[in-house]
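**Student:** Starting off with a structure, shown below.
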Amino acid sequence: MTNRKKSAAYLPTIIVLMMVLLSCSPAAYTPEPFIAPKPPSGYAPFIFDIEVESAAAPSRLDDPRPNIIVIMTDDQPYHTVAYMPTVKNELAPNGVNFTNGFVTTPLCCPSRVSILTGEYVHNHEVFTNSMPTGGAEKFDDASSIATWMKEAGYRTAYFGKYLNGYERLQPLGVVPPGWDEWHVFLGQGADDDADAGSFEYFYNFTMSENGQVTDYPRDEYYFSADVVTRGAVNYINETRDAPFLLFVGYYNPHSPYISAPRHKDAFRSGTGWDWIQYRPPNFNEKDIRDKPAYLKEFSPLSDGEVDTAHKQILRSLLSVDDGVASILNALDKTGLKEKTVVVFLSDNGMTLGDHRLGVDKNCVYEACAKIPFIVYAPGMVEARSDDRLVANIDLVPTFLEWAGGEIPESVDGRSLVPLLVDADAPWREALLLEHWRTEGGVGSMIPEFHAVRTMEWKYVEYETGEKELYDLVSDPYELNNLAGKKAYREIEAQLAKRLVELKQE
C-alpha cells in the first residue's frame with residue numbers, strides 16, 4: 003500500500019481559517035434544483051424542542067474551532083432529498099451542496115468504516131457487512147475519527163446506528179475507544195444474505211447506553227428515529243465546555259421502510275402529499291446486451307412494486323427531516339448555530355428499478371454510489387452548489403483540519419476545507435469505486451469490481467473480465483457501454499492506467 007503523506011493542520015492555521023470563513027457572508031443562492039412537489043399547505047416539521055438553561059461557557063465560545071455534527075441516513079436514494087423540506091429548503095440552499103458526492107463502496111458497513119477512518123475499503127479491509135469478510139468484528143477500532151478528535155481536544159458522541167454486527171462485539175454494548183457518549187442500537191446486524199432490515203430497527207429495539215444494555219418498548223414515543231433525535235438535541239444543549247463531534251445515525255429509510263405514526267398518511271392519495279413517479283431513462287433498462295452478465299439474472303420489478311417502495315422510503319425520511327429541523331433549532335437556541343458545521347449524507351445510495359435492479363445497493367452505477375452530501379455552516383461557508391468529486395473518505399481529514407489535529411498517513415481522503423473556502427481550489431480528478439462479493443443477497447450476484455470515476459467518464463473492471471465505459475457527459479444514465487469500441491480505445495487505456503494507480507493508494 004502506498005500512503006500519501008498528509009500535511010498536519012495546527013491550531014494557528016485553524017484560527018486564520020476560521021477568520022477567513024467568518025468573513026464570508028452567505029450569498030443568496032439556489033443550488034441545483036431538487037425537483038419534487040411541495041408538502042401540503044400548513045405542513046411543518048415536528049420539532050423536538052429544548053429548554054436552554056444556560057449559555058455556552060465563555061471558554062467554548064472563545065475556541066475558534068467549530069462543533070461538527072454528522073447526520074447520516076441509511077440506504078437513501080440520492081433524489082429523495084427533494085422530499086425532505088428542511089434538508090431541501092434550509093441545508094441545501096444555505097450550505098455547500100456537493101452534487102457529485104460518493105461512497106467508494108456502496109454497502110453499509112464498508113462505507114461506514116470508511117467514514118470513520120478516511121480509508122478506501124481495500125485498505126481498512128472491512129469488505130462486507132458480516133464475518134468473515136466484514137462487519138464490526140472485522141474493524142480495528144483502536145484508531146478512528148473518535149480517538150483522533152478526542153486527542154485534539156474534542157468531546158465525542160454517537161447516537162443511533164453504528165456498524166452492522168456491532169451486537170456481536172463482547173462484552174455486549176461495549177463502547178469503542180474514543181467515544182465520550184455512546185447511545186447506539188444493538189441488534190442491527192442484518193447479514194449479507196438478507197440485508198432487508200427488521201421491524202426492530204424502528205420499534206422494540208435495544209441500545210447500548212454508554213455500555214449499559216437498555217430495552218425500548220413498542221411505543222410510538224420510542225420510534226427509533228425520535229429516540230436518536232431527542233438524544234442528539236439534549237446533547238447539544240448540555241455540551242457547552244468544549245467543541246464536540248456528534249454523529250447522528252438514523253436507520254431510516256432502510257427497509258422495511260417504517261415511518262413514524264405521525265407520517266403514516268404522507269404520500270397517500272387524497273392527503274395533499276404529492277409525489278413524482280421515479281422513472282429515469284435507465285428504469286428497467288430494456289436493452290442490456292452491452293451490460294455485465296449478472297444483470298441478466300434480475301427480473302425487473304413492476305411499476306407498482308417500485309412505486310410502493312418509493313413512497314414508503316419518502317414517508318420514512320420525514321422523521322429524519324424532523325430530526326434535522328430539531329438539531330438546527332437546538333443550535334439556534336443554544337447560540338451555537340454559527341459555531342457548528344452540519345454534514346448531511348447517506349452511507350450509500352439505492353436503486354429503484356435503475357438498470358433492472360430493484361431496491362438495491364452494491365452496484366457501480368450512479369444510483370448506488372452517489373449520495374446526498376451537504377456541508378452546512380452558516381456564517382462560515384459561502385452557500386453554493388459544487389460538482390467536484392467528493393467522497394465519504396474525505397470527512398476524516400476535513401474534521402481533523404478543523405480540529406487542528408494531525409492527519410494520519412493512513413488516510414486516503416482529502417480535506418474539503420480548501421473547497422469550502424475557495425470554490426476555485428484545485429481538486430481531485432478521479433475517484434476509486436470498489437465492491438467485493440457478499441455472502442448472500444444482491445451483493446453476492448454482483449462480481450467484484452474496481453472502477454474509476456472522473457468528471458466525464460466511468461470505467462469499470464469486473465473480476466469476470468467484463469468491462470464498462472460510460473461517457474457521463476453525453477450518457478449520464480449509463481445506458482451505452484463504450485468499452486472495447488475502437489473509437490474509445492485511447493480513453494479506455496488511460497482510465498485503466500489510472501485505475502491501477504488508485505488501487506495502489
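Reading the sequence shown from the start, the letters are residues 3 to 507 in my numbering. Even glycine gets a Cβ: it sits at the ideal position worked out from N, Cα and C.
According to DSSP, what are the bridge partners of residue 184?
**Tutor:** BP columns for residue 184 point to 160.
**Student:** Tell whether a beta-carbon distance below 8 Å holds between residue 434 and residue 487.
**Tutor:** Their beta carbons are not under 8 Å apart, which means residue 434 does not touch residue 487 by this criterion.
**Student:** Does DSSP classify residue 23 as helix, strand or coil?
**Tutor:** Because the pLDDT at residue 23 is just 40, under 50, the model does not fix this residue reliably, and the value given afterwards should be weighed accordingly. DSSP places residue 23 in helix when its eight states are reduced to three.
**Student:** By DSSP, does residue 396 sit in helix, in strand, or in coil?
**Tutor:** Looking at residue 396 - three-state DSSP - the assignment turns out to be helix.
**Student:** Between 458, 186, 503, 491, which has its C-alpha nearest residue 253's C-alpha?
**Tutor:** Checked all of 458, 186, 503, 491; the closest Cα to residue 253 is 186.
**Student:** Throw me the rounded Cβ distance for the residue 182 and residue 158 pair, which I believe falls under 8 Å.
**Tutor:** With 8 Å as the limit, residue 182 and residue 158 qualify as a contact, their Cβ atoms being about 5 Å apart.
**Student:** Within 10 Å of its beta-carbon, does residue 276 have 16 or more other beta-carbons around it, so buried, or fewer, so exposed?
**Tutor:** With fewer than 16 Cβ atoms within 10 Å of its Cβ, residue 276 is classed as exposed.
**Student:** Where do the N-terminal and C-terminal ends of the alpha helix (DSSP H) with residue 324 fall, by residue?
**Tutor:** Looking at the DSSP string, the run of the alpha helix (DSSP H) that includes residue 324 is 305-336.
**Student:** Measuring alpha carbon to alpha carbon, tell me which of 323, 147, 235, 403 ends up nearest residue 333.
**Tutor:** Checked all of 323, 147, 235, 403; the closest Cα to residue 333 is 235.
**Student:** So, helix, strand or coil for residue 192, using DSSP?
**Tutor:** Note on residue 192: pLDDT 41, under 50, position unreliable in the model; the coordinate value appears next. If DSSP states are grouped into helix, strand and coil, residue 192 belongs with coil.
**Student:** Measure how close the beta-carbons of residue 226 and residue 249 come, nearest whole angstrom, since I'm counting them as under 8 Å.
**Tutor:** The Cβ separation is near 15 Å, so there is no contact.
**Student:** Entirely within the stretch 209-286 and at least 4 residues each: give me those alpha helix (DSSP H) ranges in chain order.
**Tutor:** DSSP runs (the alpha helix (DSSP H)) wholly in the stretch 209-286: 226-240.
**Student:** Would you call the CB atoms of residue 500 and residue 444 closer than 8 Å?
**Tutor:** It is not a contact, given that the beta carbons lie outside the stated cut-off.
**Student:** Starting from the C-beta of residue 177, find all residues in its chain whose C-beta is less than 6 Å away, skip the five residues before and the five after it, and write them out in chain order.
**Tutor:** Taken in chain order, the residues that qualify are 184, 213.
**Student:** Mind checking whether residue 135 and residue 122 have CB atoms under 8 Å apart?
**Tutor:** Not in contact: residue 135 and residue 122 (Cβ atoms no closer than 8 Å).
**Student:** Assign residue 33 to one of two classes, buried (16 or more other C-beta atoms within 10 Å of its C-beta) or exposed (fewer than that).
**Tutor:** Low confidence applies here, because residue 33 scores a pLDDT of 35, under 50, leaving its location unreliable and the question unanswered by this model.
**Student:** If you draw a straight line from the alpha carbon of residue 348 to that of residue 255, how long is it in whole angstroms?
**Tutor:** Cα-Cα distance, rounded: 10 Å.
**Student:** Hey, quick one: how far does the beta strand (DSSP E) through residue 455 stretch, first residue to last?
**Tutor:** Here the beta strand (DSSP E) through residue 455 covers 451-456.
**Student:** So, residue 329 versus residue 93, is the Cβ gap smaller than 8 Å?
**Tutor:** It is not a contact, given that the beta carbons lie outside the stated cut-off.
**Student:** If you follow the beta strand (DSSP E) that residue 70 is in, where does it begin and where does it stop?
**Tutor:** Run containing residue 70: 69-75, per the beta strand (DSSP E) assignment.
**Student:** Among the residues of its own chain, which have a CB less than 6 Å from the CB of residue 287, if the five just before and after it don't count?
**Tutor:** Contacts found: 357, 358.
**Student:** Looking at residue 215: is its Cβ nearer than 8 Å to the Cβ of residue 174?
**Tutor:** Yes, the pair counts as a contact, with Cβ atoms nearer than the cut-off.
**Student:** Given this structure, state the Cα-to-Cα distance separating residue 301 from residue 355, to the nearest angstrom.
**Tutor:** Between residue 301 and residue 355, the C-alpha separation is close to 10 Å.
**Student:** Distance check for residue 318 and residue 219, CA to CA, integer angstroms please.
**Tutor:** So the alpha carbons of these two residues sit roughly 20 Å apart.
**Student:** Suppose the cutoff is 6 Å on Cβ atoms and the five residues either side in sequence are ignored; what does the same chain contact list for residue 331 look like?
**Tutor:** Excluding residues within five positions, the ones whose Cβ falls inside 6 Å are 49.
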